[in-house]
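Enquirer: Residue numbers (the working numbering): -15 to 102.
All C-beta atoms in this analysis are idealised placements derived from N, C-alpha and C, irrespective of residue type, glycine included.
The structure follows.
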Ligand SMILES: [Zn+2]
């Protein structure tokens, strides 16, 4: 959804992505950290499931559980970071560009249309 330019009233505006990538990276790092923290429990669950297959099952189950925990944590964190970054982009940063007059604004800026008296 695009927003009206508060300076000229044009609807020909676009979002300049700024926070999305750093926030996504941060989310990915945080997610990976959570994944690392859950490796131990993932390994334990995998090892428990592997018990049925004998000693080799315990080892492979444990490794598989650890890897799955790390991957899931990382991708979930990246997805969360992406969502947060997009919301920061849309609501907080002054990062909407008017293609008509070149003004940079954020949604909710007070309209400053020519001829309006405040
Ligand atoms: Zn404008």
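Quick one: grab the DSSP three-state call for residue 76.
Expert: DSSP places residue 76 in coil when its eight states are reduced to three.
Enquirer: Is it right to say residue 85 is buried, meaning 16 or more other beta carbons lie within 10 angstroms of its own, or is it exposed?
Expert: Label assigned to residue 85: exposed.
Enquirer: What number of angstroms, rounded off, separates the C-alpha of residue 14 from the C-alpha of residue 62?
Expert: Whole-angstrom Cα-Cα distance: 8 Å.
Enquirer: Hey, would you say the C-beta of residue 17 is under 8 Å away from at least one heavy atom of ligand 1?
Expert: No - ligand 1 has no heavy atom lying nearer than 8 Å to the Cβ of residue 17.
Enquirer: Ignore the nearest five residues each way along the sequence and tell me which others in residue 57's own chain have a CB closer than 8 Å to its CB.
Expert: The answer, listed in chain order, is 15, 16, 17, 18, 19, 20, 21 and 22.
Enquirer: Return the first residue and the last residue of the beta strand (DSSP E) that residue -3 is part of.
Expert: -3 to -1 is the span of the beta strand (DSSP E), which, as asked, contains residue -3.
Enquirer: Mind checking residue 27: buried by the 16 CB within 10 Å criterion, or exposed?
Expert: Buried, since its Cβ has 16 or more Cβ neighbours within 10 Å.
Enquirer: Considering only heavy atoms of ligand 1, does any lie closer than 8 Å to the CB of residue 92?
Expert: Outside the cutoff, so no.
Enquirer: Could you tell me the distance, in whole angstroms, from the CA atom of residue 1 to the CA atom of residue 90?
Expert: Roughly 12 Å between the two C-alpha positions.
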